[in-house]
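Contents: one structure, followed by commentary.
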Amino acid sequence: MSKYTEFHRRSIEDRDAFWAEQGKLVHWNKPAEKICDFSRPPFVKWFKGGETNLCYNAVDRHAAKRPDDNALIYISTETNEEKVYSFAELQREVERMAAIYQDLGVKRGDRVLIYMPMIAEACFAMLACARIGAIHSVVFGGFAAGSLATRIDDAKPVLMVSSDAGMRNGKPVPYKHLVDEACKLAEFPPAKVLIIDRGLDKGFPRVEGRDVDYAELRTKHLDAAVPVTWLESSEPSYILYTSGTTGKPKGVQRDTGGYSVALAASMKNIFTGGEGETMFSTSDIGWVVGHSYIIYGPLLAGMATIMYEGTPLRPDAGIWWQIVEKYKVTVMFSAPTAVRVLKKQDPAFLKKHDLSSLKALFLAGEPLDETSHQWIMEELGIPVIDNYWQTETGWPMLAVCRGVEDSKIKLGSPAFPVYGFDLRIYREDGTECGANEKGIVGIVPPLPPGCLSTVWGQDDRFVSTYFSLFTDPVVYSSSDWGIKDENGYHTILGRMDDVINVAGHRLGTREIEEAVQTHPAIAEVAVVGVHDELKGQMPMAFAVVKDASTVDTAEKRAVLEKEVMKKVDESLGAIARPGRVLFINGLPKTRSGKMLRRSIQALAEGRDAGDLTTIDDPSTLDQIKAALAK
């Protein structure tokens, strides 16, 4: 039995002793009375009766030991700003923000909605909530007013923290009018809106009696000392909304103690980052990766964390690697989409900078194809570790836990179940799959520390959404397809609703995408199922080529389309062959890099593309329409 197999086994079979051990990685004001209270399944309380504080563990304890070490590195290539905060400076700024909150009437258990660009003040805003026991709900700065209003009405915040504007591709993206509109639409608007004025949206309107200025209040509370509020382990730390396939967004509710321990343990066992090192996660605080691995995880481990406002290509495709060199980044976390974007650029950008500090690159957010995995690993010459998790779990469910044992990497696979997760692959009848048999990824409860404790204000929805697919026994359903090989390596095959049913055969879009990507001319592809009178559904592929000259005539397009189809035939058989392969310059994605598959599918079926509030580049939809019209 390998070292890791034994480590994982102990986390399941000797659960309480295992997690009591991991619990020592954080400071407790009062120790837990019970490690795991699973008396009301599927609900679980971790470290019951224990008292701790996320902000204390992330900031204060390091500021006391290592006040001058880097804590937060803020970089904006949009405004050309760069500022480094030590742990002592970060604590001061967080205490000032916490004093502002208290001045505005925020109390323990109150919700604060944060609608912010990637600036240092967003970090202060989150940590200040954790400090005083308020519950933050971060909404991605870019959501439209209607989406923001829905989240306001669900969380019912007493305060919103926002900014005049974000910046993207050198242009200001005004926020304030969206805040005003959302507050008008909402039934329960916040009493106060705290505005960080960056000077990007000159003359934005202020609402008398509601809007307050951050700079003014910061000056007022410059010397504030705000003690931490010790919270019982199960008290909520935050709410983060995740869009479902149906109904209104679900407020994933996270606890305090379990989350602190899960993140601290993951930094040691998965990401192998420690005190004095630097972590760079290229996500946004509006998403779960931003919460776990920009704000809380690195700081809990005593690392410096980088908050980056900008794109991977501005001023050029070397910007991320320049940051790695400058700040001696040891751990980097990004998404497969970003890798595929970089794959289209000149590889010289990867060679320009000294990347010797970088121990590993971690990728998550969507399935990683083998081709991209191989390319980036060869280019960087370091381990590139795919990991799989969800907003709901808060930290990885599948990964190579390099801090325990450095297992071999399998291309395109997020590898093994992470300790604490009793993860299995199930058939639809609830029986377990054998090796190399496709099924649904499930977790035998209790869910480990760090996972959602419920859906905010809707315990019944928590049960019906996650624990109703398999009821004998009750299992958490991820709603993702997966497969495990004979060596225990897992591959995620996409969402259950990304399944195409071709003449009674179920095909995951991911499998077809993998096959298309084996053609050397293809940089990226999205496959969707399109209604077909004869077969029910047919796969249709929208592919981005590496070199536009390979598809600049109808003849060339026809040749390449045939070649791609042949690749799919060879890999999966004719049943999986796309009805069409259409070539475009870019795929529609959200600003966090998620593919807008449903919108692509809708256009392919001649329907409305639906809610596009988070799309990064609207012109990609026009390209799809044009390709379909040819």
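If you number the sequence shown the way the working numbering does, the last residue is 1069 and the count never jumps. For glycine and all other residues, C-beta sits at the position ideal for the given N, C-alpha and C.
- Message: Assuming tryptophan 485 is part of the beta strand (DSSP E), what are its boundary residues?
- Response: For this step, residue 485 is matched to residue 46 along the sequence shown. Here the beta strand (DSSP E) through tryptophan 485 covers 482-487.
- Count the other CB atoms within 10 Å of the CB of glutamine 813; is the residue buried (16 or more) or exposed (fewer)? In the sequence shown, the residue the question calls residue 813 occupies position 374. With fewer than 16 Cβ atoms within 10 Å of its Cβ, glutamine 813 is classed as exposed.
- Item | Assigned exposure category for arginine 448 - 16 Cβ within 10 Å defines buried | Along the sequence shown, read from residue 1 onward, the residue named residue 448 stands at position 9. So arginine 448 counts as exposed.
- Go ahead and pull the three-state DSSP assignment for glutamate 445. Along the sequence shown, read from residue 1 onward, the residue named residue 445 stands at position 6. Three-state DSSP puts glutamate 445 in a helix.
- Item | Nearest candidate by alpha-carbon position, reference leucine 1042, set Asp1056, Thr1053, Asp1055, Pro1027 | Taking the sequence shown and counting its residues from 1, one reaches residue 1042 at position 603. Checked all of Asp1056, Thr1053, Asp1055, Pro1027; the closest Cα to leucine 1042 is Pro1027.
- Query: Does DSSP put arginine 863 in a helix, a strand or coil?
  - Reply: On the sequence shown, residue 863 is found 424 positions in, with the first residue counted as 1. Three-state result, arginine 863: strand.
- Task: Could you pull the start and end residues of the beta strand (DSSP E) that isoleucine 512 belongs to?
- Result: The residue given as residue 512 occupies position 73 in the sequence shown. Note, isoleucine 512: beta strand (DSSP E), 509-515.
- Item | Residues that DSSP places opposite methionine 771 in a beta bridge | By one-based count along the sequence shown, residue 771 stands at place 332. For methionine 771, which the question treats as bridged, DSSP gives the partners Phe719, Leu800.
- Message: Buried or exposed, going by whether 16 or more other CB atoms sit within 10 Å of the CB of glutamate 517?
- Response: Working through the sequence shown from its first residue, we reach residue 517 at position 78. That one is buried.
- Query: For alanine 537, which residues of its own chain have a beta-carbon under 6 Å away from its beta-carbon, when the five flanking residues on both sides are left out?
  - Reply: Locating residue 537 in the sequence shown gives position 98, counting from the first residue. Answer for alanine 537: Ala567, Arg570, Ile571, Val665, listed in chain order.
- Message: When you compare the CB of alanine 510 with every CB in chain D, is at least one pair closer than 8 Å?
- Response: Absent from the structure: chain D. Only one protein chain is present.
- Task: Indicate whether proline 978 and alanine 954 have their beta-carbon atoms separated by less than 8 Å.
- Result: For this step, residue 978 is matched to residue 539 along the sequence shown. For this step, residue 954 is matched to residue 515 along the sequence shown. Cβ atoms of proline 978 and alanine 954: not closer than 8 Å.
- Query: For isoleucine 634 versus aspartate 603, is the C-beta spacing smaller than 8 Å?
  - Reply: For the purposes of this step, residue 634 is taken as residue 195 along the sequence shown, with counting starting at 1. For the purposes of this step, residue 603 is taken as residue 164 along the sequence shown, with counting starting at 1. Yes; because the gap between Cβ atoms is below 8 Å, this pair is in contact.
- Task: Keeping to the same chain, check which residues put their C-beta closer than 7 Å to that of tyrosine 495; ignore five residues upstream and five downstream.
- Result: In the sequence shown, the residue the question calls residue 495 occupies position 56. Counting only Cβ-Cβ distances below 7 Å, and skipping sequence neighbours, we find His466, Val667.
- Message: Using DSSP's beta-bridge definition, name the partner residues of lysine 631.
- Response: By one-based count along the sequence shown, residue 631 stands at place 192. Bridge partners of lysine 631: Leu598.
- Own chain, CB closer than 7 Å to valine 727, minus 5 neighbours either side, in chain order: For the purposes of this step, residue 727 is taken as residue 288 along the sequence shown, with counting starting at 1. Correct list, in chain order: Leu679, Thr830, Gly833.
- Do proline 688 and threonine 681 have their CB atoms nearer than 8 Å? As a first step, residue 688 is located in the sequence shown; it is residue number 249 there, counting from the start. As a first step, residue 681 is located in the sequence shown; it is residue number 242 there, counting from the start. Their beta carbons are under 8 Å apart, which means proline 688 touches threonine 681 by this criterion.
- Query: Roughly how many whole angstroms lie between the Cα atoms of lysine 473 and phenylalanine 486?
  - Reply: Counted from its first residue, the sequence shown places residue 473 at position 34. Counted from its first residue, the sequence shown places residue 486 at position 47. Approximately 6 Å between the Cα atoms of the pair.
- Does the distance from the C-beta atom of glutamine 956 to that of valine 967 stay below 8 Å? As a working mapping, residue 956 is identified with position 517 in the sequence shown. As a working mapping, residue 967 is identified with position 528 in the sequence shown. No, Cβ-Cβ distance for glutamine 956 and valine 967 is not below 8 Å.
- Are threonine 948 and aspartate 937 touching if we call contact CB-CB under 8 Å? For this step, residue 948 is matched to residue 509 along the sequence shown. For this step, residue 937 is matched to residue 498 along the sequence shown. Contact: yes.
- Task: Check whether the Cβ atoms of isoleucine 922 and lysine 849 lie closer than 8 Å to each other.
- Result: On the sequence shown, residue 922 is found 483 positions in, with the first residue counted as 1. On the sequence shown, residue 849 is found 410 positions in, with the first residue counted as 1. Their beta carbons are not under 8 Å apart, which means isoleucine 922 does not touch lysine 849 by this criterion.
- Quick one: any contact between the segment 890-899 and the segment 454-466, if contact means 3 or more CB pairs under 8 Å? no
- Query: How far does the beta strand (DSSP E) with phenylalanine 477 in it reach, from first residue to last?
  - Reply: Position 38 of the sequence shown, counting from 1, holds the residue named residue 477. Note, phenylalanine 477: beta strand (DSSP E), 473-479.
- Query: Contact between the segment 518-532 and the segment 582-594: three or more CB pairs below 8 Å?
  - Reply: no
- Query: Does DSSP put serine 903 in a helix, in a strand, or in coil?
  - Reply: Position 464 of the sequence shown holds residue 903. The answer is helix: DSSP assigns serine 903 an H, G or I state.
- Item | Segment contact flag, the segment 653-660 with the segment 454-461, C-beta cutoff 8 Å, min 3 pairs | no
- Inspect the CB distances between the segment 1029-1038 and the segment 1051-1067 and report whether three or more fall short of 8 Å. yes
- Item | Cross-strand partners of glutamine 976 (DSSP beta bridge) | Mapped onto the sequence shown, residue 976 falls at position 537. Answer is His970, bridged to glutamine 976.
- For glycine 609 and aspartate 640, the rounded distance between their alpha carbons: The residue you call residue 640 lines up with position 201 of the sequence shown. The residue you call residue 609 lines up with position 170 of the sequence shown. Going from the Cα of aspartate 640 to the Cα of glycine 609 covers about 13 Å.
- Message: Can you confirm whether the segment 788-798 touches the segment 751-766 when touching is taken to mean that 3 or more C-beta pairs between the two stretches lie within less than 8 Å?
- Response: yes
- Message: Suppose the cutoff is 6 Å on Cβ atoms and the five residues either side in sequence are ignored; what does the same chain contact list for tyrosine 908 look like?
- Response: Numbered from 1 along the sequence shown, position 469 holds the residue referred to as residue 908. Position check: residue 908 holds leucine in this sequence, whereas tyrosine was assumed. Answer for leucine 908: Ser916, listed in chain order.
- Query: Which parts of the segment 804-866 are runs of the beta strand (DSSP E), unbroken and 3 residues or longer, counting only runs that do not cross its ends?
  - Reply: 823-825, 862-865
- Task: Please go through the segment 618-675 and give each complete beta strand (DSSP E) segment of 3 or more residues, from N-terminal end onward.
- Result: 631-635, 650-652
- Query: Which partner residues of phenylalanine 909 appear in the DSSP bridge assignment?
  - Reply: As a first step, residue 909 must be located in the sequence shown, where it is residue number 470. Partner(s): Val914.
- If you run the structure through DSSP and keep just helix, strand and coil, what is tryptophan 920? Start at 1 with the first residue of the sequence shown, and residue 920 comes out as number 481. Three-state result, tryptophan 920: strand.
- Task: Alpha carbon to alpha carbon, how far is leucine 702 from leucine 739? Give it in angstroms, no decimals.
- Result: Here the question's residue 739 lines up with position 300 in the sequence shown. Here the question's residue 702 lines up with position 263 in the sequence shown. Each residue's Cα considered, the two are about 8 Å apart.
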